[in-house]
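Residue numbers (the UniProt record's numbering), protein chains in the order written: chain H, 1 to 216; chain P, 1 to 216; chain A, 1 to 216.
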């Protein structure tokens with residue numbers, strides 16, 4: 001199980017680092033900013049998970065492979081950005097693959113550290129979406145995951161498969177593959193068909209409420 | 001003392017989760033975003049406190065009740081937002097009550113973990129204001145607490161009562177109630193009478209300084 | 001070595017707190033906001049480093065001197081802001097000195113906790129730049145370090161001197177001074193001569209890409 005977690009983690013690291021580097025390049029950060037955003041987007045979810053379950057130092061800090069991989073991804077984007085920046089689909093597909101790999105790896109690690117099933121599933125989701133949230137906060141945006149198509153829900157579904165599989169004592173490699181496939185499939189379908197979660201209806205006097213609220 | 005901390009924590013969780021869900025609904029986040037903001041606003045202060053004092057995994061992660069309560073609050077807001085969004089006072093009062101409960105509970109937990117009195121009071125304050133700061137940062141706002149009416153100061157006052165009471169070996173339930181009442185009273189009075197903290201005077205050539213500074 | 005780390009830490013704390021208080025005053029935060037930003041800018045880098053290496057509670061929480069020093073710096077700025085706000089160079093020089101002191105102190109602490117050399121150098125850099133990143137995120141700005149002149153690179157260079165010196169078993173005080181001098185010198189030269197890191201070239205259809213991307 002340890003090897004599986006590691007492999008998923010490293011592949012996911014590369015694809016998420018690509019997404020961080022893309023966002024940084026689009027905002028015209030310098031090469032240092034691009035490399036930091038690569039590392040942050042790739043590892044924040046896992047680092048926060050590790051801090052929360054008490055696994056210090058986090059894998060992304062003690063194992064230099066995460067740094068090498070995310071730096072590599074950052075350099076790829078930095079030098080080929082004019083070409084890659086034109087493509088929209090590859091980025092979304094990379095991102096979906098990273099999400100699928102991370103939610104599964106995160107849930108498995110949380111189970112290894114003895115968390116309860118529901119919390120293990122949520123930490124799996126957090127591992128998947130945490131990097132993107134940190135990336136968006138550092139670039140001063142409201143995290144896309146909070147108003148995007150089905151994204152966090154796909155991660156939660158994938159992580160839940162792992163947790164349920166663990167409770168039923170199914171083979172871990174099989175449930176990991178199933179969870180990742182479910183998450184990836186949901187995410188691609190959401191992009192393809194434009195699935196969204198509902199938002200709250202506005203109160204009738206919204207504008208006025210906002211005005212009052214800002215006075216606070 | 002443990003039961004008292006837990007009770008304060010759970011009630012405070014609910015009221016702060018309401019504030020997070022309100023802010024998220026106002027920014028038109030989808031239902032997932034609303035539930036995350038509920039959880040973040042309700043638990044970030046406590047999670048950061050627990051990470052800082054080394055109490056991993058934090059209570060909000062290992063105890064599923066926090067999640068259930070914050071999700072419940074998020075759903076209440078999500079479905080009733082048009083009605084609740086019109087009300088300003090209830091939200092501010094909820095928020096003040098949450099602040100009072102959290103600063104007291106946070107200070108007590110820090111004392112239980114053996115921190116020095118001054119730091120225990122500050123961690124109590126952080127427990128109270130941390131959730132609101134995380135909520136505002138995720139929504140890409142400057143945290144309201146940094147330029148609001150008396151808010152953090154009320155939390156610090158409440159937490160200080162607990163710490164001083166502990167040093168004088170007064171009964172903990174009594175000092176907890178006194179601390180929460182002081183914080184809540186200060187906060188309501190600040191809203192009612194528009195109390196503010198002073199801001200620094202501007203230098204004469206402010207505009208020019210800003211221009212230079214952005215060039216940096 | 002412990003005394004050296006502590007001394008560097010405390011002096012660096014003061015100068016970084018000045019930078020946080022300046023930024024907060026410029027954004028017209030109240031005195032509480034100014035004091036929080038002083039503390040955050042001065043201690044976030046070290047707090048994150050300590051959380052990552054598992055040194056809880058972080059020094060900035062368990063040792064009240066950091067709080068006293070950063071509060072003092074905040075008060076100095078708060079009351080003398082009209083005078084100090086006019087000066088640009090002193091702030092940048094303070095900031096450079098803080099960076100030099102923190103990157104060296106951070107790398108040494110990471111080595112004491114047994115991290116690998118490359119990660120110790122990076123944690124040294126993080127100790128130096130983390131406070132500024134937290135300050136900018138709280139004020140809802142994209143961190144200046146991501147598109148500034150040579151800044152993080154200077155911190156990385158200073159931290160690397162410490163790590164290399166440790167590997168070669170040179171006397172720690174000497175390597176600390178050399179590392180701090182290198183970082184400080186690089187930083188001042190970057191300001192003086194306007195050195196910048198390169199940014200990625202824009203794709204030809206940038207505007208269109210942005211539009212698509214925001215629809216996501």
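Beta carbons are placed, not taken as given, at the ideal position from N, Cα and C, and that holds for glycine.
Quiz item: How many angstroms separate the CA atom of residue 190/P from the CA atom of residue 26/P?
Solution: The residue given as residue 190/P occupies position 190 in the second chain. The residue given as residue 26/P occupies position 26 in the second chain. Rounded to whole angstroms, residue 190/P and residue 26/P show a C-alpha spacing of 24 Å.
Quiz item: In terms of alpha-carbon separation, which member of 50/A, 46/A, 187/A lies closest to residue 131/A?
Solution: For the purposes of this step, residue 131/A is taken as the residue at position 131 of the third chain. Checked all of 50/A, 46/A, 187/A; the closest Cα to residue 131/A is 46/A.
Self-check item: residue 43/H in three-state terms, based on DSSP
Solution: Residue numbering aside, residue 43/H sits at position 43 when the first chain is read from its first letter. Note: residue 43/H maps to helix in three-state DSSP.
Self-check item: Three-way DSSP call (helix, strand, coil) for residue 30/P in this model
Solution: In the second chain, the residue the question calls residue 30/P occupies position 30. Reduced to three states, the DSSP call for residue 30/P is strand.
Quiz item: Using a beta-carbon distance cut-off of less than 7 Å, what residues from the segment 31–50 of chain P approach chain H?
Solution: Those would be 31, 32, 33, 34, 36, in chain order.
Quiz item: Residues in the segment 57–68 of chain P with C-beta within 8 Å of chain H's C-beta atoms, listed in sequence order?
Solution: Of all residues in the segment 57–68 of chain P, those with a C-beta nearer than 8 Å to a C-beta of chain H are 57, 58, 61, 62, 64, 67, reading in chain order.
Quiz item: According to DSSP, which residues form a beta bridge with residue 248/H?
Solution: Residue 248/H is absent from the model: chain H starts at 1 and stops at 216.
Quiz item: So with Cβ pairs under 7 Å, would you call residue 140/A a contact of chain H?
Solution: Translated into the one-based positions of the third chain, residue 140/A becomes position 140. Closer than 7 Å: yes.
Quiz item: Exposed or buried, which one is residue 127/P when buried takes at least 16 other CB atoms within 10 Å?
Solution: Against the second chain, residue 127/P aligns to sequence position 127. Around the beta carbon of residue 127/P, 16 or more other beta carbons lie within 10 angstroms, which makes this residue buried.
Quiz item: Can you find at least 3 beta carbon pairs, one from the segment 47–56 of chain H and one from the segment 64–73 of chain H, that sit closer than 8 Å?
Solution: No, the segment 47–56 of chain H is not in contact with the segment 64–73 of chain H.
Quiz item: Taking just the CA atoms, how far does residue 43/P sit from residue 17/H?
Solution: What you label residue 17/H is simply residue 17 of the first chain in a count that begins at 1. What you label residue 43/P is simply residue 43 of the second chain in a count that begins at 1. Spanning the two alpha carbons is a distance of roughly 28 Å.
Quiz item: Mind pulling the chain A residues with CB within less than 8 Å of residue 153/P?
Solution: Against the second chain, residue 153/P aligns to sequence position 153. What residue 153/P touches in chain A: 32.
Practice problem: Give every residue of the same chain whose Cβ lies closer than 7 Å to the Cβ of residue 184/A, excluding the five residues on either side of it in the sequence, and list them in chain order. | Solution: Here residue 184/A refers to the residue found at position 184 when the third chain is read from its first residue. Within the same chain, residue 184/A has close Cβ partners 96, 97, 100.
Self-check item: Contact set for residue 123/A: own chain, Cβ-Cβ below 6 Å, skip 5 residues either direction
Solution: Locating residue 123/A in the third chain gives position 123, where the first residue counts as 1. Around residue 123/A: 49, 106, 110.
Practice problem: Return the residue from the list 103/H, 197/H, 93/H, 137/H that minimises the CA-CA distance to residue 179/H. | Solution: Against the first chain, residue 179/H aligns to sequence position 179. Out of 103/H, 197/H, 93/H, 137/H, the CA that lies nearest to the CA of residue 179/H is found in 103/H.
Quiz item: In chain order, what residues of the same chain lie with their CB nearer than 8 Å to the CB of residue 115/P, ignoring the 5 residues before and after it?
Solution: Start at 1 with the first residue of the second chain, and residue 115/P comes out as number 115. Cβ within range, chain order: 53, 123.
Exercise. Consult DSSP for residue 102/A and reduce its assignment to one of helix, strand or coil.
Key: In the third chain, the residue the question calls residue 102/A occupies position 102. Here residue 102/A sits in helix by DSSP.
Exercise. Please decide whether residue 53/P counts as near chain A, where near means a Cβ-Cβ distance under 7 Å.
Key: Locating residue 53/P in the second chain gives position 53, where the first residue counts as 1. Residue contact check for residue 53/P against chain A: a CB pair falls below 7 Å.
Practice problem: Give the DSSP-derived three-state secondary structure of residue 147/P in the structure shown. | Solution: As a position in the second chain, residue 147/P is number 147, starting the count at 1. Secondary structure of residue 147/P (DSSP, three-state): coil.
Quiz item: Whole-angstrom Cβ separation of residue 137/A and residue 137/H, contact assumed at under 8 Å?
Solution: By one-based count along the third chain, residue 137/A stands at place 137. By one-based count along the first chain, residue 137/H stands at place 137. Correct: roughly 6 Å between the Cβ atoms.
Quiz item: Cβ of residue 6/H less than 7 Å from any chain A Cβ?
Solution: Taking the first chain and counting its residues from 1, the one referred to as residue 6/H is at position 6. The beta-carbon of residue 6/H is placed no less than 7 Å from the nearest beta-carbon of chain A.
Exercise. Helix, strand or coil for residue 57/H, going by three-state DSSP, please let me know.
Key: Locating residue 57/H in the first chain gives position 57, where the first residue counts as 1. In the three-state reduction of the DSSP assignment, residue 57/H falls in the coil class, being assigned neither a helical nor a strand state.
Practice problem: For residue 29/A, return the contacting residues in chain P, with the cut-off set at a CB-CB distance below 7 Å. | Solution: The residue given as residue 29/A occupies position 29 in the third chain. Near residue 29/A (Cβ distances below 7 Å), the residues of chain P are 146, 147, 199.
Exercise. Closer than 6 Å by C-beta to residue 166/H: which residues in its own chain qualify, once you throw out the five before and the five after it? Chain order, please.
Key: For the purposes of this step, residue 166/H is identified with residue 166 of the first chain, where counting begins at 1. Hits under 6 Å: 111.
Quiz item: Would a check of beta-carbon distances place residue 214/P closer than 7 Å to chain A?
Solution: Translated into the one-based positions of the second chain, residue 214/P becomes position 214. Confidence in residue 214/P is poor, its pLDDT being 38 and thus under 50, which makes the residue's placement too unreliable to answer from.
Self-check item: For residue 6/H, the nearest candidate out of 34/H, 32/H, 108/H (CA to CA)
Solution: Along the first chain, read from residue 1 onward, the residue named residue 6/H stands at position 6. Considering only alpha carbons, the answer is 108/H.
Self-check item: CA-to-CA distance, residue 134/A to residue 33/P, given in whole angstroms
Solution: Within the second chain, numbered from 1, the residue matching residue 33/P stands at position 33. Within the third chain, numbered from 1, the residue matching residue 134/A stands at position 134. In this structure, the CA atom of residue 33/P is about 23 Å from the CA atom of residue 134/A.
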